[in-house]
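Here the structure comes first, spelled out in structure tokens, and everything after it is commentary.
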Amino acid sequence: MNADFNPIFVPGDPRLPALLLLHGTGGDERDLVDLGQSVSPGSALLSVRGRVLENGMPRFFRRMSEGVFDLEDLAFRTDELADFIGEAKRRYKMDQPLYALGYSNGANIAASLLLTRPETLQGAVLLRAMVPFEPETVPDLSNKKILMLSGLMDPIVPAENAQRLSQIWKESGVDLRFLMKPAGHGLTPSDISDIKGWMASMTPAPQYNS
27 MNADFNPIFV PGDPRLPALL LLHGTGGDER DLVDLGQSVS PGSALLSVRG RVLENGMPRF
87 FRRMSEGVFD LEDLAFRTDE LADFIGEAKR RYKMDQPLYA LGYSNGANIA ASLLLTRPET
147 LQGAVLLRAM VPFEPETVPD LSNKKILMLS GLMDPIVPAE NAQRLSQIWK ESGVDLRFLM
207 KPAGHGLTPS DISDIKGWMA SMTPAPQYNS
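FYI, in this note's numbering the residues of the sequence shown are 27 to 236.
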């Protein structure tokens, strides 16, 4: 397994969905572990570090400037990450559904994974995501689920860009919950509450013997 992703694996209840944690620019594999444990207690967690450096800050793919992505590198890094996830699933015996929990740059590569390697994920929580690229053909994602939380006052992701991404998901047939929140690029307590509720909706109800 490629150690460059510096994976952290936290075992969990195999009856619960697992989370793939994808940090934002300048973060690392430790950034979202506490968040993952908070929003989906008991879930297995796989957290990775982006392999691209921008002025010393880890990212998951290169960009030309803020909001302008290197699409060739994005395609390469998306395949690289998808292959790694497949290896990790086998290594850690992760047979349960896997959802990405991505913030900013991490949300963008999660979106790219769903558009180009949809077999990798059952869905995603996309926090402050933007359109990674305009797909020539929108894939059929009718068996996937996405929670997308965007900020009305986000200085990095224009509201119209977030709206366009939500439209791509609607065209794909994904089960989408999309909220434009009175927030900037940073996360708020309201975001955490929304993620908890969404994750809880996918947790199987306990079975009781009569």
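The beta carbon of each residue, even a glycine, is placed where N, CA and C say it ideally should be.
Practice problem: With DSSP collapsed to three states, give me the class of GLU92. | Solution: coil
Quiz item: Okay, do the stretch 106-120 and the stretch 203-220 touch, 3+ Cβ pairs below 8 angstroms being the bar?
Solution: no
Quiz item: By DSSP, does SER176 sit in helix, in strand, or in coil?
Solution: strand
Quiz prompt | Beta-carbon gap between LEU46 and TYR129 smaller than 9 angstroms | solution = For LEU46 and TYR129, no; Cβs fall outside 9 angstroms.
Quiz item: DSSP state of LEU153, grouped into three classes?
Solution: Annotated three-state conformation of LEU153 is strand, per DSSP.
Self-check item: Residue environment, ALA44, which counts as buried when at least 16 other CB atoms sit within 10 Å
Solution: buried
Quiz item: Any idea which residues DSSP pairs MET206 with across the strands?
Solution: SER176
Exercise. Round the Cβ separation of THR104 and THR51 to the nearest angstrom and send it over; I've been treating them as touching at under 8 angstroms.
Key: Not quite, the Cβ-Cβ distance comes to about 17 angstroms (not below 8 angstroms), so this is no contact.
Exercise. Using beta-carbon positions only, say whether GLY93 and MET156 come within less than 9 angstroms of one another.
Key: yes
Quiz prompt | Own chain partners of PRO37 with C-beta closer than 8 angstroms, once the 5 adjacent residues on each side are dropped | solution = ALA70, TYR118
Self-check item: Status (buried if at least 16 other CB within 10 Å, exposed otherwise) for THR146
Solution: buried
Quiz item: The beta strand (DSSP E) spanning VAL78 covers which residue range?
Solution: 78-80
Quiz item: Can you give the beta carbon distance from PHE31 to VAL74, rounded, assuming they're within the 8 angstroms contact cut?
Solution: Yes, they are in contact, since the Cβ atoms of PHE31 and VAL74 sit about 4 angstroms apart, within 8 angstroms.
Exercise. Below 8 angstroms on the Cβ atoms is my guess for SER66 versus LEU42; work out the distance and round it to an integer in Å.
Key: Between LEU42 and SER66 the Cβ distance is about 7 angstroms, and since that is below 8 angstroms, they are a contact.
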